[in-house]
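Okay, so here's the structure we're looking at.
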Ligand code: AHR
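So, in structure tokens, the structure goes:
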């Protein structure tokens, strides 16, 4: 048995919980759009072709904002192809995923879906093959009330009222040599500055995200952010971050410690952004948009579902199965620790998007003409999106640690917490990364008295299963949340929780001011 001690003080806060931390991502990739959120022939489809089963799961997941339409896809995309009468929309080759894009789904369809899902739209523009002119045209099309060429075209295409899109990505991963229209930091920084300026001239209320590094391991990481922001600091509001992790060669400990890397990545981007701010003597703060993060098993060249394999055979298909990872218990615990990392940094990471929403490395899976179900990683996201409200608390944790080959040592129990004065609730989110040992956790509250445990749930290895147990089409609920009984409030007001080995848990408490 390992142990951990967590101290929370109602006055030691990080800041309010940014609702946009619970974002997701819908890319025209694989089966995320087609047969994911959109499948007109599906038995649950509504009059717009939206799958109601997927919509319901999206609402239950608690997603706040959804980035669209890519990803690598956007860097070769013409947004005009996706508007207007569906019959006249062109079929195009999408070079990013070696796919035929029918354009049956575009901006209007996505905005309509987002409204039904109750999520904010985060729109990415193409700064790979396109530029300032197309960017400002799209903002005029989406956000201008009317009486101009683009806004009147929107009205003629069926949307009299503007979409009112607030958050815009200025391109995607343009630091990556794989990206269509890959650029140097100077080339991209200047383009982002000019596109951003022109877009804000059309609608000054929009918020802009500059492309940061595609990963902490990119050779240009750090210098890329510094150079891009040296050009575009005044025009942009956020810089993006992307990170994917996986278990390599059975090294579970490194995988479980990978939130160490996420923490370090965030701290380094904050430092770089603030260095530009200092150099410019600027009063403005640029925040972080962690707009792609997740577990992703990048299997390499031999795998059937990898785009480059299809590409080698010269086959172009519509919405092929691409990177449809099946997630297990270990993945859910790791995703829980990523959410902890994002929440702990919620003063600077104010947008985050799990990549992606459906089928493509996603918490929701769906089959064409068939069911939709929740993957294991669905649960930590859903509960945190529901229960993390009010203020983020600084979560001082001490206790047993473990060593990992790739990411050094890490606390066995990883934690984050929130306090909502309005509802009188504290929520503590815990990941026990001990593979074989349960953990005894003590939570001490300062300035608050714990009255009652209002909710305690845990996700762990189910009976008869192991750490690789997953939810599948045939066994959709093999892994889920169950009640955690091992939670007590002792006479001194300390909360004691026993976490099973390899588990993710949430404990919600009713509290009073002490
Ligand atoms: O989410 C899958 C892909 O990962 C995105 O298209 C790209 O931006 C990233 O490399």
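Numbering (UniProt numbering), first residue to last: 1 to 514. We treat Cβ as the ideally placed atom computed from N, Cα and C, and that holds for glycine. These numbers were taken from a predicted model, which means no experiment stands behind them.
Check                                                                                                                                                                 : Outcome
Within this structure, are the beta carbons of residue 4 and residue 363 separated by less than 8 Å?                                                                  : no
So what's residue 265 in DSSP terms, helix, strand or just coil?                                                                                                      : helix
Which one or two residues does DSSP pair with residue 472 in a beta bridge?                                                                                           : Answer by DSSP bridge pairing: none, since residue 472 is not bridged.
List, from N- to C-terminal side, the alpha helix (DSSP H) runs of 4 residues or more that fit wholly inside the region 229-304.                                      : 252-256 and 259-279
For residue 29, name the three-state secondary structure that DSSP assigns.                                                                                           : coil
Mind checking who residue 65 pairs with in its DSSP beta bridge?                                                                                                      : 120
How many angstroms separate the CA atom of residue 255 from the CA atom of residue 361?                                                                               : 17 Å
Verify the contact flag: residue 324, CB atom, against every heavy atom of the ligand AHR, threshold strictly below 7 Å.                                              : no
Tell me whether residue 159 sits in a helix, a strand or coil according to DSSP, three-state version.                                                                 : coil
Take the Cβ of residue 206 as the centre, count every other Cβ of all protein chains shown within 10 Å, and call the residue buried at 16 or more, exposed below.     : buried
Per DSSP, which one or two residues make a beta bridge with residue 569?                                                                                              : The structure shown does not extend to residue 569, since the chain is modelled only from 1 through 514, so no value can be given for it.
Return yes when the C-beta of residue 246 is under 7 Å from any heavy atom of the ligand AHR, and no when it is not.                                                  : no
Are the beta-carbon atoms of residue 355 and residue 292 separated by less than 8 Å?                                                                                  : yes
Are residue 124 and residue 68 closer than 8 Å when you measure CB to CB?                                                                                             : yes
Between the region 393-407 and the region 458-477, are three or more C-beta pairs nearer than 8 Å?                                                                    : no
Looking at the unbroken beta strand (DSSP E) that takes in residue 38, where does it start and where does it end?                                                     : Per DSSP, residue 38 belongs to no beta strand (DSSP E) and is neither H nor E.
Does the beta carbon of residue 394 sit closer than 8 Å to a beta carbon anywhere in chain B?                                                                         : The displayed structure is made up of one protein chain only, and chain B is not part of it.
Would you say the beta carbon of residue 29 is closer than 7 Å to some non-hydrogen atom of the ligand AHR?                                                           : yes
Residue 429 lies in the beta strand (DSSP E); which residues open and close that run?                                                                                 : 425-432
For residue 250, which of 368, 143 and 330 has the nearest alpha-carbon?                                                                                              : 330
Within 7 Å: the Cβ of residue 541 and any heavy atom of the ligand AHR?                                                                                               : For the chain, the structure presents residues 1 to 514; residue 541 sits outside this window and is missing.
Under 8 Å, with one C-beta from each stretch per pair, do the region 175-186 and the region 149-160 reach the 3-pair mark?                                            : no
Taking 8 Å as the threshold (C-beta atoms), are residue 441 and residue 500 in contact?                                                                               : no
With a floor of 3 residues, list each beta strand (DSSP E) that falls wholly inside the region 150-223, ordered by position along the chain.                          : 167-170 and 207-210
My understanding is that residue 202 touches residue 140, with C-beta atoms under 8 Å, so please give their C-beta distance in whole angstroms.                       : 5 Å
Assuming contact is defined by CB atoms lying nearer than 8 Å, are residue 294 and residue 348 in contact in what I supplied?                                         : no
What does residue 9 pair with, by DSSP beta-bridge criteria?                                                                                                          : 446
Can you find the residues in the same chain that come closer than 7 Å, C-beta to C-beta, to residue 77, ignoring five residues on each side of it along the sequence? : 69, 70 and 126
So, helix, strand or coil for residue 406, using DSSP?                                                                                                                : coil
Taking the alpha helix (DSSP H) that residue 143 falls in, what are its first and last residues?                                                                      : 132-143
Less than 7 Å between the CB of residue 214 and some heavy atom of the ligand AHR, yes or no?                                                                         : yes
Could you spell out the range, first to last residue, of the beta strand (DSSP E) harbouring residue 467?                                                             : Here residue 467 belongs to no beta strand (DSSP E), and DSSP marks it neither H nor E.
What whole-angstrom Cβ distance do residue 235 and residue 285 have, given they're in contact under 8 Å?                                                              : That belief does not hold up - the Cβ atoms of residue 235 and residue 285 are roughly 14 Å apart, past 8 Å.
On the three-state DSSP scale, how would you describe residue 363?                                                                                                    : coil
Please report the distance separating the alpha-carbon of residue 301 from that of residue 230.                                                                       : Confidence in residue 301 is poor, its pLDDT being 45 and thus under 50, which makes the residue's placement unreliable; the coordinate value appears in the next sentence. In a straight line, the C-alpha of residue 301 is about 38 Å away from that of residue 230.
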